[in-house]
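Worksheet for the structure shown next.
In the numbering used here, the protein residues as written are 782 to 1223.
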């Protein structure tokens, strides 16, 4: 049984080689389709991996509570609008919820900082020493914040590495004093953080953050030197916002307690807040959502790439129909010599399968070049289209394609299936020819 099948394949391959250019063009559609499936899935997996890494960095045992500006803040006039998380909220969470292992408060504000004639816009972060641990921030020079800095409200700051490079291109930053605009306060640099990859925005839950540009100071210093109010001066108006804390990161003792603790926090905040001026996000839930989105994204990409395979299949069917017409006399001779209909079907199906299999194999080989192609495109954008490159999200800039084994198997299997499906009609048409009419064909 095996030998007749191999003989049929050999005959099909020999027939296709007689029309090499036409066969190559027919194979090209399958090749592109298979490559498209592998490349698109690899890019999708790469982006998904970056997003999952960002979520994992937030911590599976963490609950993120953030202040949210209510929608009705945009009223004109001169007033102080108070919203968001309070220090009392932080105290209640720590003292009344037994499953909480620790809670890390944070306050931030945008400010321009200056050293001599150099100035830049940064985010000033008021925090506690634990903030550096939960955000994987390490010191490159100097030291990190201590509980003593917090208790004594020292005018000490740790600056991000990129801010340090900008403000101190020729000087050692440790021990230097920087000044904040508006407040005109001076702060002594006690440390410089190591370079850390920026975090990308995750939907509407988290904005992206460039840790290398931030400046960190004790939360107590932030409160005493800068305060809770932010004054916004507009055209004909003077508005103020009073926010005590921008974020509280809660860590629970056990990962199974995350949802339960989040519900308790929700109930607690609802009791003391007149309106919902906060959001509660569970990274663990974000991770589940990311998995669902990744699956949906991959299915969509495969369907899009499958259109290429479909078009390639139509092209192969057209080629095979033309081949059947050209070889009508050959079909008549074979039938006259005793070939059965199934022999004719097998011959033309074999030719179609050979075409799609060759295209599939070449497509798989081309699929493994996805990484090199992506690196080349990233290098081109980084070197010649700098503005466009910098506008891209960090997840795209840092993305490395991940070739999923299932996509290779699926792409090749689909290409062979396309050959069978689109080869049936030409093969059946060839087998149903009348031998006498076929012999008369010129």
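Glycine residues also receive a C-beta, built at the ideal position from the N, C-alpha and C atoms.
These figures come from a predicted structure and were not determined experimentally.
- In the structure shown, residue 843 adopts extended strand secondary structure according to DSSP, grouped into three states.
- Apart from sequence neighbours up to five positions away, the residues of its chain that approach residue 937 with a beta-carbon distance below 6 Å are 930, 969 and 971, ordered along the chain.
- Nearest C-alpha to residue 956 among 1128, 923 and 943: 923.
- For residue 905, the enclosing beta strand (DSSP E) begins and ends at 899 to 908.
- Here the region 812 to 829 makes contact with the region 1189 to 1197; the two share three or more CB pairs at distances below 8 Å.
- If only uninterrupted beta strand (DSSP E) runs of at least 3 residues are considered, those enclosed by the region 1018 to 1044 are 1018 to 1023 and 1028 to 1033.
- Exclusion of the five residues before and after residue 1185 leaves 822 and 826 as the residues of its chain whose Cβ lies within less than 6 Å of its Cβ.
- In terms of Cβ geometry, residue 905 and residue 994 do not form a close pair [threshold 8 Å].
- For residue 923, the uninterrupted beta strand (DSSP E) segment begins and ends at 920 to 923.
- For the options 871, 925, 842 and 965, the alpha carbon positioned closest to that of residue 894 is the one of 965.
- Apart from sequence neighbours up to five positions away, the residues of its chain that approach residue 958 with a beta-carbon distance below 7 Å are 967, 968 and 969, ordered along the chain.
- Excluding sequence positions up to five before and after residue 909, its CB lies within less than 7 Å of the CB of 885, 886, 931 and 1000, all in the same chain and listed in chain order.
- Nearest neighbour of residue 1088 by Cα position, chosen from 1196, 1152, 863 and 1075, turns out to be 1196.
- Nearest in C-alpha terms to residue 847, of all of 834, 833 and 868, is 868.
- In this structure, the CA atom of residue 1150 is about 35 Å from the CA atom of residue 1127.
- Taken through DSSP and simplified to helix, strand or coil, residue 926 comes out as coil.
- By the neighbour-count definition (other C-beta atoms within 10 Å, threshold 16), residue 1123 is an exposed residue.
- Under a 10 Å Cβ-count criterion, residue 1099 is classified as exposed, with fewer than 16 other Cβ atoms of the shown protein chains found around its own Cβ.
- Within the same chain, 1032, 1033 and 1036 come within 6 Å of residue 842 by CB-CB distance, once the 5 residues on both sides are set aside.
- Non-local beta-carbon contacts of residue 1155 in its own chain, meaning distances under 7 Å to residues more than five positions away in sequence, involve 1182 in chain order.
- In this structure, residue 878 places its C-beta atom within 8 Å of the C-beta atom of residue 1045.
- In the three-state reduction of the DSSP assignment, residue 1143 falls in the helix class.
- Straight across, the Cα-Cα distance linking residue 1179 with residue 831 is about 8 Å.
- Within the model, the alpha-carbon separation for residue 844 versus residue 805 is close to 57 Å.
- Within a 10 Å sphere around the beta-carbon of residue 1025 sit 16 or more other beta-carbons, which makes this residue buried.
- For residue 896, the enclosing beta strand (DSSP E) has its first and last residue at 881 to 896.
- Between residue 953 and residue 946, the alpha-carbon positions lie close to 10 Å from each other.
- Rounded to the nearest angstrom, the Cβ distance from residue 814 to residue 1144 is 7 Å, consistent with a contact under 8 Å.
- With contacts defined by Cβ atoms closer than 8 Å, residue 881 and residue 1059 do not form a contacting pair.
- Residue 948 is a Cβ neighbour of residue 901, given a cutoff of 8 Å.
- Ranked by Cα distance from residue 974, the first of 1137, 913 and 1165 is 913.
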